[in-house]
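In terms of this note's numbering, the sequence shown is residues 5 to 335. The structure appears below as structure tokens.
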Amino acid sequence: MVSGTILHNVGFFSASRAQIQDAERNRRKRCAASAAAKRRGENVKVEKCHPIDMLHEDEHGQYWSYHRFEYGKNKEGYWTGFRMLDRMSDVLDMFTVLHPEHKPVGLFDWSSCHDCMEVGAPSVKRMNLGVGGVRNGEELAPMDPVTILEDTPNLPAGTVQHLVFRRGDDPPFHSPHLKPAQYVGKLKGMRQILWERGLLVKGMSKTGGSGEKQDTSKSMEHVLGEQDFKEVDSSLVLLLMQRHGVACLMLPKYHCECNPIEPVWGRAKDWTRKNCKYSLECLRKNVPLSFRSEKDRQAVSVVQGYCKKAYTHALMYRETRVQGPEGKKTY
5 MVSGTILHNV
15 GFFSASRAQI
25 QDAERNRRKR
35 CAASAAAKRR
45 GENVKVEKCH
55 PIDMLHEDEH
65 GQYWSYHRFE
75 YGKNKEGYWT
85 GFRMLDRMSD
95 VLDMFTVLHP
105 EHKPVGLFDW
115 SSCHDCMEVG
125 APSVKRMNLG
135 VGGVRNGEEL
145 APMDPVTILE
155 DTPNLPAGTV
165 QHLVFRRGDD
175 PPFHSPHLKP
185 AQYVGKLKGM
195 RQILWERGLL
205 VKGMSKTGGS
215 GEKQDTSKSM
225 EHVLGEQDFK
235 EVDSSLVLLL
245 MQRHGVACLM
255 LPKYHCECNP
265 IEPVWGRAKD
275 WTRKNCKYSL
285 ECLRKNVPLS
295 FRSEKDRQAV
305 SVVQGYCKKA
315 YTHALMYRET
325 RVQGPEGKKT
335 Y
């Protein structure tokens, strides 16, 4: 399989070994800065430094914005969200060296890798109403603190709210009889978090009812999901883009026509199939060749056409305000 990134109206792009070394130096500086911020007590994630090794190197020593991966138990393992993030981080650092005057805007679809959450990332989807809980046979994992960005009745903007009961905390307000061993180290749950903010009102339930009788103002999921506090429900790819100081746009679900890289993959597969000798060695050779900027493959004019068509689809949806079931929020 191949995971890759194209530039709008350009296609796949590459860098020399010297440029990759510059990108690695920039990465080391950024990682050191995040570690220093953590030591100062800031609520940040420390970025782990690793070499740039998720870019395809061709026979000329050029490093390309895609990664070829042979998956399987007895090969390179399986493609995961964390592998995708490592590759995307390599691409962003390479882009910064190639185009220091520009800030990219990333477009991503909602594949399982792009939507995966960081370990410890705050998420309404992974909370119960009460303390702790079990999902799929496993106890709900602790979540990182959040920084509230807008004033709430009880907690002002800038307050760091812990989502896990710590040693010395009072028991949950709705279960004051619990002993410390029964709640310390466990998730607070939606009811407790809303209560601490002063947002819990009488009659609230998890969903606020169903069907025509549903009242979202009484839905704990909805109220907490709409709260403007840092990092809640942020996917790993969004956090990565924020760390690099660039924008990230998630494309509408179920609309691959809005993603310009989809026809690029299709054209690459078509060329590979037409030039296939039905051997693994031929496949390994031809897959990188299918991404070349040639007239019968990924010529710049071809990629420009794909980008324009994807933009036209997105513009039509925006102008006509079309909204299907994918437009409904699920927390």
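Beta carbons: idealized from backbone N, C-alpha and C, even for Gly.
Query	Result
A2 vs E51 beta-carbon contact at 9 Å	Residue 2 falls outside the range modelled here, since the chain spans only 5 to 335, and no answer is possible.
Assigned secondary structure, C53 (DSSP; H/G/I helix, E/B strand, else coil)	coil
Per-residue DSSP class, three states only, for L284	helix
Buried versus exposed call for A19 [16 or more other C-beta atoms within 10 Å across all chains shown]	buried
Distance, S69 Cα to K234 Cα	Reliability of the predicted coordinates at K234 is poor, the pLDDT of 44 falling under 50, and the value obtained from them is presented with this limitation in mind. Distance between the alpha carbons of K234 and S69 is about 30 Å.
At least three beta-carbon pairs within less than 8 Å, the region 108-117 to the region 159-171	no
Check whether K192 and V135 have beta carbons under 9 Å apart	yes
Stretch-stretch touch, CB-based, cutoff 8 Å, three pairs: the region 79-99 with the region 54-64	yes
Per DSSP, cross-strand counterpart(s) of E143	V138
Buried/exposed call for L242, threshold 16 Cβ in 10 Å	buried
Identity of the residue in L153, L159, G229, D148 nearest R170 by Cα	D148
Span separating the alpha-carbon of E362 from that of E74	Within the shown structure, residues of the chain are numbered from 5 to 335, placing residue 362 beyond reach of any answer.
Proximity winner among D274, T211, M194, F86, relative to V168 (alpha-carbon distances)	M194
Among V150, C252, F295, nearest to A272 - alpha-carbon criterion	F295
Helix, strand or coil at A125 [DSSP, three-state]	coil
Assumed close pair V150, P176 - CB separation to whole angstroms, cut-off 8 Å	That pair is no contact at about 18 Å.
Rounded C-alpha distance that separates E266 from R31	30 Å
Below-9 Å beta-carbon distance, G76 vs any chain D residue	Although the question refers to chain D, the structure presented lacks it and comprises just one protein chain.
9 Å Cβ cutoff met for L240 and F86	yes
Meets three-Cβ-pair contact criterion under 8 Å: the region 5-17 and the region 302-314	yes
Residues that DSSP places opposite G213 in a beta bridge	Answer by DSSP bridge pairing: none, since G213 is not bridged.
Nearest candidate by alpha-carbon position, reference R72, set V291, V227, K312	V291
Whole-Å CB distance - K222 paired with S214, under 8 Å assumed	Contact flag wrong, Cβ pair sits at about 12 Å.
Under the three-state DSSP convention, the category H226 falls into	helix
Residues bridged to R72 [DSSP beta-bridge criterion]	V6
Cα-Cα separation between V101 and R29, rounded to whole angstroms	10 Å
Straight-line Cα distance separating R301 from C280	15 Å
Cα-Cα separation between E225 and A185, rounded to whole angstroms	27 Å
Host beta strand (DSSP E) of V109 (start-end)	109-112
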